[in-house]
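In the working numbering, the protein residues as written are 604 to 936. Quick reminder that beta carbons are idealized off the backbone N, C-alpha and C, glycines included. Comments concern the structure below.
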């Protein structure tokens, strides 16, 4: 008998499939945490991938407790600098900015991003705000790409990171202590913790119906084309619906992946740089994070981290036991 049900080809969940407006990914939500106050986000640059041997830390796995080979991604995480503290209050349409306090000395590299004031007095910027009106505390941070030789750029990326955990007065006081200082990835997470990652995927340019949506190839007896779709839709209504798979932009979309395990946090990039350096990146020179599995985006792409927003994973009290990390040359691999 014929199949009664055939799902459509391609998901509508990511439509419209257009290029991301910014190479810097964003988070629309932040999870609540019990510990803290602490920084709930960080960012780094994707260096490449390699493989490692680790003692399987998953208790329900068939290889639990055994040494297994896994793919790992290396992300270089130079220190970030906190440029400002921003507080939010609850408005009619959600959170709205109540005020912000900028550091006395603003990094000169920020001038490449936007015009910075030569003189500003922000000593009492947050003192005029009623503490009872504050609903959320965040810090405005920026990267320091000049510390990384694998990324050929000088303009820093600007982004918000939430301060979570503890009471609101504690979070505000903690944010003030970070103002104007450098923060490291160890201030955000530890070895063995779970994080969410967001990045802009590899751009594929303009692709056809079959590649972009995974539609079925037409019959080999079809006239002229096999990789096209059979129809643009109904005669009525008199327009082409957005559900019809058509050619267009593929890739360079923001994607967020949940529950990535942090295997190692290190300060010396020589410990994980393969012979000859990573392809199209070179050696890792600053601190780094080793993550289990793959991550969206090509080499050099900015990767953002966030505390894991979903449960369903194993909480580890100590870091996973990494027995071997491949540093073999990736040239010609």
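| Asked | Found |
| --- | --- |
| Contact under 8 Å by Cβ, residue 865 with residue 794 | yes |
| For residue 754 and residue 748, the rounded distance between their alpha carbons | 7 Å |
| Exposure of residue 843, with buried meaning 16 or more beta-carbon neighbours within 10 Å | exposed |
| Helix, strand or coil at residue 872 [DSSP, three-state] | helix |
| Which listed residue (886, 930, 788 and 809) has its alpha carbon closest to that of residue 892 | 788 |
| Any 3 or more C-beta pairs closer than 8 Å across the segment 911-927 and the segment 686-705 | no |
| Under 8 Å between C-beta atoms of residue 746 and residue 646 | yes |
| Alpha carbon of residue 687 to alpha carbon of residue 743, nearest angstrom | 5 Å |
| Other residues of its chain near residue 774: CB distance less than 8 Å, five sequence neighbours each side excluded | 639, 640, 740, 766, 767 and 768 |
| DSSP state of residue 711 mapped onto helix, strand, coil | helix |
| Residues of its chain near residue 634, where Cβ-Cβ distance is below 6 Å and the 5 sequence neighbours each way are ignored | 910 and 912 |
| Within the segment 738-800, ranges of the alpha helix (DSSP H) (whole runs, at least 4 residues) | 771-781 |
| Buried or exposed by the 16-neighbour rule on C-beta atoms within 10 Å, applied to residue 648 | buried |
| Neighbour-count burial assignment, residue 619, 16 or more Cβ in a 10 Å radius | exposed |
| Beta bridge counterpart(s) of residue 808 as assigned by DSSP | 853 |
| Alpha-carbon spacing of residue 796 relative to residue 867, whole angstroms | 10 Å |
| DSSP state of residue 734 mapped onto helix, strand, coil | helix |
| Reference residue 729; option with closest CA among 831, 714, 706 and 720 | 706 |
| Cβ contact check for the segment 672-687 and the segment 892-908: 3 or more pairs under 8 Å | yes |
| Best match in 716, 772 and 781 for proximity to residue 761 [C-alpha to C-alpha] | 716 |
| Beta carbon of residue 803 nearer than 8 Å to that of residue 628 | yes |
| Buried versus exposed, by CB contacts within 10 Å (16 or more), residue 799 | buried |
| Exposed unless 16 or more other CB atoms sit within 10 angstroms - verdict on residue 653 | buried |
| Residue environment, residue 660, which counts as buried when at least 16 other CB atoms sit within 10 Å | buried |
| Residue 859 - DSSP class collapsed to helix/strand/coil | strand |
| Per-residue DSSP class, three states only, for residue 813 | helix |
| Residue 902 beta carbon less than 8 Å from that of residue 650 | yes |
| Residue 847 and residue 836 closer than 8 Å at C-beta | yes |
| Supposed contact pair residue 806 and residue 854 - C-beta distance, whole angstroms, cut 8 Å | 4 Å |
| Bridge partners - residue 847, DSSP secondary structure assignment | Paired residue(s): none; residue 847 is not in a bridge. |
| Rounded C-alpha distance that separates residue 874 from residue 887 | 9 Å |
| 6 Å CB neighbourhood of residue 732 in its chain, flanking five on each side removed | 701 and 702 |
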